[in-house]
Amino acid sequence: MRHKIRLEGAVTPQNAVEQYHYLPFVVPAGARRMEVNYYYDNQVTGAQETHSGNNVDIGVFDVRGADFLTGGFRGWSGGARSGFHITPDAATPGYIRGPLQPGEWTIMFGCSKIDDPTVRYRVNIELEIDPAAVEEAAGEVPVPGMPRAEVVAGGSNDGGGRWYRGDLHAHSEHSDGQNTVAEIVDYTRRVGLDYFALTDHNTISHWDELARLNDRAPLLIAGEEITMYGGHANVWGLDGWIDFRGSDSERVQRLVEQANARGSMFSINHPDSPIPWQFDEVRGYQAVEVWNAPWRWFNEPALLRWEGHLKRGERMVAVGGSDSHCVPPAVMTQPNGPGEPCTWVYVEGPLTQSAVLDAVQRGHVFISEAPNGPFIELTADVDGDGVFETLPGDHVDAPAAPVRFHVKYRGPDGKHLRFFSKGGLVKEITPAVESFDDEFELRLEGDDYLRCEVRGFRGRPDRGEVVHAMTNPVYWGSWR
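Be aware that the sequence shown starts at 54, since it is given in my numbering, and climbs by one per residue.
Take a look at the structure:
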């Protein structure tokens, strides 16, 4: 038996100000399949920033409600699809399979761009009803099974510490990516990544597949990209879905606090892209995606933003993310894939999700343009015993004597290794060889830091230098 529902109405520019628009509907007992399709007027056909028209995203909440932070989330596809389905055993990518509980569900529109005075919409909902299951479904409402969140590596290292290559930001068909999860994971194996975080927009439906594929390298990390209309952020190490409806700074602050309370890590993404970070009042996040996709894509302003945190005495971890949306065999619509840039983390002991995120949290991170480098390591011998045990991200008291630093570089010759503190450039080295090690001393005073960038030309010199690799700082003095 089929049960059909049609929801019709209009949204206006005021809905774009409010951002989200809710359409409740009732699911009868015995529903075994939900199919939803929607249409609206004058859909924008190009980039929202440069083309006129309207964009109305879509998602759905179940009988647990649509309240902020506690809603019964069942899926989101943004503007990537014109419809979706959910059954107890399967769902459209981006949506969470599970029981179709009887009661009030809610279609949610995200009104990211409304140019016309009135935009008519139509939502068609078709439910397959199993009469034999009606009486059974009338009992206690079951809670949908959430995708597995605890993802552990299939192998481990020998217990010693070393650098691991990975990527903290990418997308699959579960949001607006072009590939299956399996295709992306296979690609990360071919390019030699040790860990990989898949962070689809506003959903966790990809987690089930990550768990099934995580029987060998790379370590697969469950994540979600909170995709707000005023900025994006990654959250890694979650125990379940986290809300994305951060429509103002107060709500975003609550999202950060909830993520921290749940033991996960919150990092703002590409803060100076065409969708810049608009929540500068928010505090409590741990990292900034300083390097997103190829360096020339909006990353110089992001570097300056991150350096602003440092100069204000705010300890903040710099990370990279490919933001990859496609790998072969899909049509390549961007020039980089997973691992470009590559975020290296220093881990001691077995390689697990918690170990990777702990390394990121501590700032034991450097970034290179690709999995094959360049490799750049900056360490310090604080106690003068000849062992360079202090890593980027570590914080030490400022000693009375000068501190000896060691830099290890593996990459093309002729690149410039530039060392920066709060006061700016303090040292520059231009190795004439591809394998370079050096030691130097600096006197550390007050609250300061030292970090390194590897810069040089790629292609035409008139286009200016790019960053090929960069470290996080070694800190000393008082930091918060």
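Every residue gets a Cβ at the ideal spot worked out from N, C-alpha and C, and that includes glycine.
May I ask which residues mark the beginning and end of the alpha helix (DSSP H) holding Trp359? 352-364
Could you give the C-beta distance for Ile429 and Tyr462, rounded to a whole number, given that I count them as a contact under 8 Å? 6 Å
Could you check the C-alpha separation between Gln331 and His285 for me, to the nearest Å? 10 Å
Three-state class that DSSP yields for Ala275 in the structure shown: strand
According to DSSP, is Trp529 helix, strand or coil? strand
Boundaries (first-last residue) of the alpha helix (DSSP H) holding Ser488: Segment 488-495 is the beta strand (DSSP E) holding Ser488; no alpha helix (DSSP H) there.
If you pair each beta-carbon of the segment 263-273 with each one of the segment 298-310, do three or more pairs fall below 8 Å? no
I need the DSSP call for Ser209, collapsed to helix, strand or coil. Reliability of the predicted coordinates at Ser209 is poor, the pLDDT of 46 falling under 50, and no value is obtained from them.
Enumerated in chain order, which unbroken segments of the alpha helix (DSSP H) with a length of 4 residues or greater are wholly contained in the segment 359-427? 406-415
By the three-class DSSP mapping on this structure, what secondary structure does Ala286 have? strand
Round the Cβ separation of Val398 and Gly214 to the nearest angstrom and send it over; I've been treating them as touching at under 8 Å. Incorrect: roughly 11 Å between the Cβ atoms, too far for contact.
Pairwise C-alpha distance: Ala454 and Leu251: 45 Å
Is DSSP giving Glu498 helix, strand or coil here? coil
Roughly how many angstroms lie between the CA atoms of Val89 and Gly156, to the nearest whole one? 17 Å
Distance, Cα to Cα, His138 vs Gly151? 11 Å
Assigned exposure category for Glu401 - 16 Cβ within 10 Å defines buried: exposed
Spell out a yes or no on whether the segment 373-387 and the segment 220-228 are touching, meaning 3 or more CB-CB pairs, one atom from each, closer than 8 Å. yes
For Pro146, report the span of its beta strand (DSSP E) as first-last. Neither: Pro146 is in no beta strand (DSSP E) and is coded neither H nor E.
Could you tell me whether the Cβ atoms of Val456 and Glu494 are closer together than 8 Å? yes
Quick one: Cα of Asp466 to Cα of Gly509, how far? 10 Å
Less than 8 Å between the beta carbons of Glu506 and Val527, yes or no? no
If we ignore side chains and look at the alpha-carbon of each, how far apart do Val64 and Asp229 end up? 24 Å
Between which residues of its own chain and Ala423 is the CB-CB distance below 7 Å, once the five residues before and five after are set aside? Gly392, Glu393, Cys395
Identity of the residue in Val109, Ala82, Gly83 nearest Pro66 by Cα: Val109
Would you call the segment 338-345 and the segment 355-368 touching, i.e. three or more CB-CB distances under 8 Å? yes
Tell me which residues share the same chain as Asn389 and place their Cβ nearer than 6 Å to its Cβ, disregarding the 5 neighbours each side in the sequence. Ala346, Pro347, Ser375
Does DSSP put Arg242 in a helix, a strand or coil? helix
Report the three-state DSSP secondary structure of Ala69 (helix, strand or coil). helix
My output table needs one value for Pro197: the three-state DSSP class, helix, strand or coil. For Pro197, the pLDDT reaches just 40, beneath the cut-off of 50, and the residue's location in the model is therefore unreliable, although a value from the coordinates is still provided. Residue state, collapsed to three classes: coil.
Kindly list the residues whose CB is nearer than 7 Å to the CB of Ser474, restricted to its own chain and excluding five residues on each side of it in sequence; keep chain order. Asp501, Tyr502, Leu503
Would Val172 pass as a contact of Asn255 if the rule is Cβ separation under 8 Å? no
Mind checking which residues open and close the alpha helix (DSSP H) that includes Asp261? 260-266
What is the C-beta distance between Gly299 and Leu291, in whole angstroms, given that I count them as a contact (C-beta under 8 Å)? Not really, about 16 Å apart at Cβ, beyond 8 Å.
Give the DSSP bridge partners of Val507, in chain order. Leu470, Ala522
Could you please give the first and the last residue of the uninterrupted beta strand (DSSP E) stretch that includes Ala63? 55-64
With 16 other Cβ atoms within 10 Å as the buried cut-off, status of Asp490: exposed
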